[in-house]
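What follows is one structure encoded as C-alpha cells, with my remarks underneath.
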Amino acid sequence: MSSQSLLEWFKEARITRNGLISLSAGIVVGLALGLLIGWVWWPVEWKGAGLDEMRVDAKAAYMAAVADTYVAYGSEEAALLAAQRLAPLGDLSTSFDEAVTFFQSQPNSELQIDHLARLAAALGVPISGQLAVQAAEAPTTPEETAATPAASAGQESGGLGWLGRLLAILVALALIGGGIYGLWIVSQRRSTGYVIDDVASQPFEHEEFTTTPASVIQTTDPRAAPDQLSRSGPAGSRPSYTGAISEAGPPPFEDEEAEDDGAPRPTSYYKPTPYVSHVAESSPIMDTEEEEFDADAVEVDYDMPEVHQNNVQLRGAQPAAGLGLDSSARNARSASLNRFARYPTMDRDSATYRVGEGEFSYTHNVVDEDGNYLGEFGIGVSERHGVLNNDRDKVVALEVYLFDKSDESQITTVGRTLLSEYAHDHLYKHFEQNRQHPPITAQRGTEFALEGRRFVLLCAVGNVEYGENGIFRTATVDMELKRKV
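Heads up: the sequence shown is residues 2 to 486, going by my numbering.
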C-alpha cells in the first residue's frame with residue numbers, strides 16, 4: 002500500500018527457498034566461468050613491458066625506425082642518438098640479425114634492410130656475412146633513403162588474439178547481463194510476494210470432497226459433538242453445506258475461565274458463523290500512555306445457532322453464504338463495534354474487486370474542511386501471497402487498510418487481510434503470522450473495524466462471489482470512516 006513504510010516492506014520481503022538456491026547457483030557458476038576465462042582459456046599475460054621483451058616483429062619495426070632516422074641525417078650526433086635508443090635491446094648483433102631476418106621475409110623491405118646495415122656499420126656492430134652481403138646488394142636511391150617505413154612499424158603477427166579478446170568480452174557481458182536479470186527476478190519475487198512455496202507452485206486440482214465455507218472458526222467448546230460439520234470428507238458422508246443460517250439471536254456469553262480448562266481443542270470440527278466481528282488495534286509509531294485496549298472487546302466469536310442443510314452446492318460462482326447488511330442480524334453486532342456508533346461519521350465509500358483486476362488498488366483520501374491531508378483508507382490486492390501462481394486473475398487475498406495522519410506525533414497504519422475460501426483452506430499458514438491482527442475470511446455480512454489514533458474505519462463485506470475453486474470473483478467492501486470525540 003502507499004502508506005506502508007520502506008522498513009516494513011524490507012521486513013516482509015522474503016526470498017523463497019528456490020530463489021535462494023537459484024541465486025547461489027548463479028553466483029557459483031559465474032565465478033567458475035570467470036576463473037576459467039581469466040586463467041585457463043584466455044589467460045592474461047604480461048608481455049612487451051620493455052624493449053628487450055618485445056616481440057621480434059615489434060623490435061624489428063623499432064630498429065627500422067631508428068635506422069631511418071639515422072640515415073636521414075647521417076651525422077655523428079645521429080649515430081650517438083641511435084646508439085642510445087638501441088642500448089636497452091642488449092645484444093645489438095643478435096638484434097640486428099633478427100631484424101634483418103624478419104624484413105627478408107617481408108615483401109618490399111629492401112630499404113629497411115639497407116638502413117639497418119648502414120646503422121650497424123656506423124655503430125660498429127658486426128652482423129652475419131650473408132646478411133651483410135644482402136644488405137650491401139639492396140638498391141638505394143635518395144627517394145628511398147628519405148622514405149619512412151611507417152606502414153611496416155604497425156605490422157603484427159596474425160592469429161586469433163583480437164578474436165579471443167572479443168569473445169572474452171562478449172562472454173563477460175553475457176554473464177553480467179545474466180546476473181543482473183537473475184537479481185531482477187529475485188527482487189520481483191521478493192517485492193510482490195505472489196509466489197508461495199510448496200503450495201502455490203503446484204497447479205490447483207479441485208478436490209472431490211465437499212468442503213465447508215471458509216468462514217468457519219474453530220469451536221471453543223472441546224465438548225463439541227462429532228456430528229458437527231467437519232472441514233472435509235467424502236462427498237457422500239454428509240449433505241453439502243449451503244451456508245443457510247437461522248436468524249436466531251446469539252446465546253449469552255459463557256465464562257471464559259470455565260471454558261479454557263486446559264483441555265486440547267479439537268482440530269477437525271468447525272462451526273459456521275454469520276457474523277464475526279473484528280476490531281483491528283492500531284500500531285502507533287511512538288509509544289503512547291493510552292489505556293490498554295480490552296482484548297475481550299476486540300474479537301467475539303459466538304456459539305453458533307442451528308445450521309440448516311440442503312442439497313444446494315456452495316461452489317460454482319454463487320454468492321457467499323451469509324446474511325445481508327440490511328438483515329435483522331445486523332442489529333446483533335457485538336459490543337466491540339457498537340461502541341463506535343457514538344462517533345460522528347466523516348466519510349463513506351465502497352470498493353468492489355472483480356476478477357481480472359490483478360492490479361486492483363483503491364484509495365480514498367481523508368481531508369479536513371481546509372483541504373489538509375489527514376490520511377487515507379482503501380483496499381487492494383494483498384502484497385504478500387495475494388495472487389496465486391502469479392496469475393493476476395487468481396486473487397486469493399485482499400487487504401483493507403487505514404492510514405491515520407491526524408496526529409503528526411503519532412502516525413498510525415493498521416490493516417486487515419480478507420482471505421478467499423481458497424486461501425483459508427490452503428494458504429492460511431502464510432497469513433496467520435500476525436497474531437495481533439489475524440486474517441478474516443470474506444463472507445457476506447462479515448464486519449470488522451480498523452482503529453487508528455483518531456479515526457475508526459468500520460468495514461462490512463457486502464456481496465462476495467467465489468469461483469468453483471474458492472478464488473475471488475467479486476468482493477465488495479463498504480467502508481465508513483468515523484472520528485473519535
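We put the beta carbon where it would ideally sit given N, CA and C, even for glycine.
Just so you know, these numbers come straight off a predicted model, no measurement behind them.
query, result
"Sequence ranges, alpha helix (DSSP H) only - wholly within the stretch 58–98, length at least 4", "77–87"
"Backbone CA spacing between ALA383 and GLU377 [nearest angstrom]", "The residue asked about is misnamed: residue 383 is Ser in this sequence, not Ala. Near 17 Å, if we compare the C-alpha coordinates of GLU377 and SER383."
"Residues near VAL67 in its chain [Cβ-Cβ closer than 8 Å; skip 5 each side]", "ALA83, ARG86, LEU87 and LEU120"
"Minimum C-alpha distance to GLN105 - residue among VAL57, PRO127, THR70 and ALA80", "VAL57"
"Own chain partners of PRO127 with C-beta closer than 6 Å, once the 5 adjacent residues on each side are dropped", "SER94"
"Close Cβ partners of TYR363 (< 6 Å) along its chain, the five nearest in sequence each way excluded", "ALA352, GLY379 and ILE380"
"Integer-rounded CB distance, given that CYS460 should sit under 8 Å from VAL396", "About 18 Å; that fails the 8 Å criterion."
"Limits of the alpha helix (DSSP H) - the one that ALA424 falls within", "422–427"
"Backbone secondary structure at HIS386 - three-state DSSP", "coil"
"Rounded C-alpha distance that separates SER421 from GLN444", "9 Å"
"Segment limits, alpha helix (DSSP H) that includes ARG119", "111–124"
"Environment of ILE170 [buried if 16+ CB atoms lie within 10 Å]", "exposed"
"Cut-off 6 Å between Cβ atoms - residues of its own chain near ARG393, not counting five sequence neighbours on either side", "GLY359"
"Integer-rounded CB distance, given that ALA65 should sit under 8 Å from GLN107", "Not confirmed; about 10 Å, so no contact."
"Backbone CA spacing between ARG454 and THR346 [nearest angstrom]", "16 Å"
"Collapsed DSSP secondary structure at ALA476 in the structure displayed", "strand"
"Cβ neighbour criterion (16 or more within 10 Å) applied to LYS406", "buried"
"GLY27 versus TRP40: straight-line alpha-carbon distance, rounded", "20 Å"
"Selected residue, minimal CA-CA separation from LYS483, among GLN434, GLU466 and ASP369", "ASP369"
"Per-residue burial, GLU54 [other beta carbons within 10 Å of its own, 16 or more giving buried]", "exposed"
"Helix, strand or coil at LYS483 [DSSP, three-state]", "strand"
"First through last residue of the beta strand (DSSP E) which encompasses MET55", "Segment: none, MET55 is in no beta strand (DSSP E) and carries neither H nor E."
"Segment limits, beta strand (DSSP E) that includes VAL367", "362–368"
"VAL401, DSSP secondary structure in three states", "strand"
"Presumed contact (8 Å Cβ cut-off) between ASN399 and TYR354, rounded CB distance", "First, the amino acid is wrong: residue 399 is Leu here, not Asn. The Cβ separation is near 6 Å, so the contact holds."
"PHE378 - partner residues in DSSP beta bridges", "HIS365 and LEU403"
"Segment limits, beta strand (DSSP E) that includes VAL457", "456–467"
"Member of PHE361, LYS60 and HIS365 whose CA lies at the smallest distance from the CA of ASP92", "LYS60"
"Rounded separation between ILE38 and TRP163 - CA only", "15 Å"
"Member of ASN391, ASP350, ASP69 and TYR344 whose CA lies at the smallest distance from the CA of GLY357", "ASN391"
"ASN311 versus VAL465: straight-line alpha-carbon distance, rounded", "At ASN311 the pLDDT is 35, less than 50, meaning the model places this residue with poor confidence; the figure from the coordinates comes in the next sentence. Each residue's Cα considered, the two are about 21 Å apart."
"Cut-off 6 Å between Cβ atoms - residues of its own chain near LEU124, not counting five sequence neighbours on either side", "ALA84"
"Reference TYR374; option with closest CA among LEU32, VAL388 and ILE412", "ILE412"
"CA-to-CA distance, GLY416 to LYS485, given in whole angstroms", "18 Å"
"VAL187 CB to nearest heavy atom of the ligand NAD below 6 Å", "Inclusion of the ligand NAD in the displayed structure is not the case, the ligand content being empty and no account of it being possible."
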